[in-house]
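What follows is a set of notes on a single structure, which appears directly below.
Number of protein chains: 2
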Amino acid sequence: MRVPVKYITMSEPITITAAAELIRNGALTPTDLLEQCLARCDRYEDRVRAWVVIDRDGAREQASRLTAELKAGQCRGPLHGIPVGVKDIIDVFDLPTACGSKRWAHSYARRDATCVARLRAAGAVIMGKTVTTAYASFDPPPTRNPWNLERTPGGSSSGSAAAVACGMCLGALATQTGGSITRPASYCGVYSLKPTHGRVSVDGVLPLAPSLDHIGVMANSVRDLALLLQPLARTDTDEVPKPYHYSREIEHPRMYERHKELAALPDFASGRAEPAMARAFERLQKNTAKAGWAWCDLPLPPAFADAPKNQFTLMGVEAAAYHGERMRRFPDDYPPKVRSLIEHGQRTSAPDFANLMSHCASLREEIESAFVDMWKVFATPATPGPAPSAETTGDPAFNAPWSYVGLPTVSLPFAWSADGLPLAVQLVGQRWCEDDLLATAAMLEADVAFERRELPT
Amino acid sequence: MRVPVKYITMSEPITITAAAELIRNGALTPTDLLEQCLARCDRYEDRVRAWVVIDRDGAREQASRLTAELKAGQCRGPLHGIPVGVKDIIDVFDLPTACGSKRWAHSYARRDATCVARLRAAGAVIMGKTVTTAYASFDPPPTRNPWNLERTPGGSSSGSAAAVACGMCLGALATQTGGSITRPASYCGVYSLKPTHGRVSVDGVLPLAPSLDHIGVMANSVRDLALLLQPLARTDTDEVPKPYHYSREIEHPRMYERHKELAALPDFASGRAEPAMARAFERLQKNTAKAGWAWCDLPLPPAFADAPKNQFTLMGVEAAAYHGERMRRFPDDYPPKVRSLIEHGQRTSAPDFANLMSHCASLREEIESAFVDMWKVFATPATPGPAPSAETTGDPAFNAPWSYVGLPTVSLPFAWSADGLPLAVQLVGQRWCEDDLLATAAMLEADVAFERRELPT
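Chains as they are written, first to last, in this note's numbering: chain A, 1 to 457; chain B, 1 to 457.
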């Protein structure tokens, strides 16, 4: 007998955590959950344009197979039957990977990227490809912010953020080289994780700048992020420390007592956060202090001042290494902002680049020693303010330095702007310590008690 | 002052070895050599149809850059400026990898396959993509045999063999799972090398059956094969023995005295070689004996009898693992022979497959122990006879067992059939010993003194 799907006639997007529980106890099937997501697509996709392609037939087949597995008593774990979107610079077998390029619009992938294969093996339903800006750079995409169609969803993982915000899928794969995960997630009011650089394999993913390219995830709760990270974390190389059981970390903090402690970086946002964000962040500090959180202020190392500029140059140089020759042959396939990024890289001299790489290495060390001394998670506003106009993809200034130093970050929405747009906080953890970072983020999530809203219709 | 290109107004395809010498001493530029190849394309391609795409602009840019490097005194080695073709299941950056599929006809590659990247780094000019049968299986391709347009060029590396035979390029990348390198090379009268399974990385290459998939090369002399193998041989893993300097091996055999010794396998071809091939092979044995070659007859291990059948089943099962689901979704994209192969795989039971894998492993050991005892290279006809009608791709029976056991093979043309088609001999070497195999093949090549002919016009 089929259980009615009333559990997900949701006034807000359902979390993976909640759906997994319903699926596990038989109250919801993967097929029913997928149909619910497809219904959300029917409702929002025309306006929001989060997808390059929704593979309805393929997703239905996957869901039906996973439904049958459950009937046969087989459950692959918490991602069994969870519909996810995949940013369109990441290969999904036999769907095109267009990367925002016209020339590559029909470039079918011959195999899944490693990250996709691992989500699929964990039971996720791959729903389709979400819009990316051209080559994961800064040119505005067709996607709109679901909270206000005049505003940008952020970039470059625009479609992933918008799709999760609409409940068109419960989680999504995204990538960040500057601020391409944290920024769109924050603008769209969803949760995001950018793991440590190297934690997730980039095999099968279009490079923008390999020294900075991160694979990450978006979803509707911190625990959901942990569930998505679990199968993605590399276990195939000794260069990456073995992953923990991330969601268990959230529920059962380990031996050392986990303090509710956060380090603010007053220099970081000072003068760059818009008034609405600055006020909201102050309120966040006050309210959480009442809930038992200890805040301290940390100074930034002086070398940090060059991080934004150097991140942009490093991104430009490595993007030019991949795209330079191709842009010369096919100039029409490069819109203005990515063109300008690549040209910036082409103008950079090799000695300047060598100095930059030294700066990057020494800043990474310096920042890490700050962590080791202080044993704290950093907290900053995730963006300067709420999502700006759709003529831009927003400002990655608060995110790009963390891509530059390669540390893991989590962002979570915590407030609404006066004009009804989400505002998010960004937490920065120690290298390879996604477990601590996620556990801290989950405690903060509980105390922030972000008030969810239904999307405008 | 520009040296005239008279050296390559050839009455026969020029070898890489000869072209490299001319390029090194300044008598020929990469640009001139490429133009000569493009002229051969103009002359033959309409009828022969060896190419899916000839990247004239891209190849000219590469050649011009390599010409400039030489002027600046930089030579990358013997492949500097050598035009090569790439089978269209192998990724070349920003050219489509269609794999003989309609659905994938415009699937641009985001990066070079490892084998392409290594040839490119060694100075080769990547001219374009050569025709493959659909998914590297048995369905007849549009390509025709340049020696007789009514005949097949063989498959599945049809375009690579035909292009090299026509002098449209000097070398080509090819792949073999059954007989897809040796057979077309033999039918088209060019030289081929299928290295040991695993010697060359398959990264960026469409799989047909990974346990059997080999990357190899075609060219117009044994030494050319050695020059092409050199950069392709894997050096990035301890699982593959380090490569030798293959062309030096040919010129300066190593410490042990290299005997002119070959082991025939009378059971192997018996009753399966057509009379023309059987007679030609006998003559080969007699003539080479006069030139000092010692021949012995070796019996095949009894387990060898199941090799052809098991090779086909293993290929079918692994092809079904990759293609099965896709064939169900897109049946129109699967012509009859590859469909039938995949269906054969789908009908195979898992226990049968497990037994087959054990058979394969024990046969590999048994065959290798024969080598260790005898220290000989095996020699067999490369095909049952000359190229048959273009309605087939010919019979891989003489090649597939060597794909099954994974041993390296070289094929070289040695005679002409009465109707003017090339006949080839196949040499089989010890695992990882491409050096010995190529040295033996080069000595045989010298003594066979294959009489080259100009193509029919």
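Glycine is no exception: its CB is placed at the ideal position from the N, C-alpha and C atoms.
What you are looking at is a predicted structure, and each value in this text was computed from that prediction instead of being measured.
Reduced DSSP category for residue i - H, G, I as helix; E, B as strand; rest coil
i	result
ASP435 of chain B	helix
PHE138 of chain A	coil
ALA50 of chain A	coil
MET127 of chain A	strand
CYS360 of chain A	helix
HIS214 of chain A	strand
ALA424 of chain A	strand
GLU274 of chain B	coil
ALA209 of chain A	coil
ARG181 of chain A	Going by the sequence as given, residue 181 of chain A is Ile instead of Arg. If DSSP states are grouped into helix, strand and coil, ILE181 of chain A belongs with coil.
TYR44 of chain B	helix
TYR187 of chain B	helix
LYS87 of chain B	strand
GLN311 of chain A	helix
LYS194 of chain B	strand
SER389 of chain A	strand
VAL338 of chain A	helix
CYS115 of chain B	helix
SER101 of chain A	coil
GLY171 of chain A	strand
TRP402 of chain A	helix
ASP32 of chain A	helix
LEU66 of chain B	helix
SER221 of chain B	coil
THR288 of chain A	helix
Length of the line joining the Cα atoms of residue i and residue j
i	j	result
CYS115 of chain A	VAL125 of chain A	13 Å
ASN145 of chain B	PRO153 of chain B	4 Å
GLU239 of chain B	HIS197 of chain B	12 Å
ASP94 of chain B	MET277 of chain B	43 Å
VAL222 of chain A	ALA441 of chain A	7 Å
ALA296 of chain A	LEU427 of chain A	In the sequence under discussion, the amino acid at residue 296 of chain A is Cys, which differs from the Ala named in the question. Computed Cα separation, rounded: 14 Å.
GLY178 of chain B	ARG347 of chain B	20 Å
GLN74 of chain B	LEU232 of chain B	21 Å
LEU212 of chain A	TRP51 of chain A	25 Å
ALA280 of chain A	ALA415 of chain A	7 Å
ASN355 of chain A	LEU79 of chain A	44 Å
THR17 of chain A	HIS359 of chain B	47 Å
ARG272 of chain B	VAL190 of chain B	23 Å
PHE138 of chain B	ARG326 of chain B	18 Å
ILE89 of chain A	GLY100 of chain A	8 Å
Neighbour flag for residue i against chain B, beta carbons, 7 Å
i	result
TYR108 of chain A	yes
ARG452 of chain A	no
ASP203 of chain A	no
Within chain B, partners of residue i - CB distance below 7 Å
i	result
LEU225 of chain A	Here the premise fails: no neighbours, minimum Cβ distance about 28 Å.
ASP94 of chain A	ARG326
Chain-ordered chain A contacts of residue i [CB-CB under 7 Å]
i	result
LEU173 of chain B	Those within 7 Å of LEU173 of chain B in chain A number zero; the least Cβ separation is about 17 Å.
PRO103 of chain B	It should be pointed out that residue 103 of chain B corresponds to Arg in this sequence rather than to Pro. Here the neighbours are TYR108.
Test: residue i CB closer than 7 Å to a CB of chain A
i	result
LEU206 of chain B	yes
ASP332 of chain B	no
CB contact below 7 Å: residue i versus chain E
i	result
ASP55 of chain A	Judged by its chain identifiers, the structure shown contains no chain E, and its protein chains are A and B.
Checklist entry - If you measure beta-carbon to beta-carbon, which residues of the segment 36 to 65 of chain B are closer than 9 Å to chain A? => result Of all residues in the segment 36 to 65 of chain B, those with a C-beta nearer than 9 Å to a C-beta of chain A are ASP57, GLY58 and GLU61, reading in chain order.
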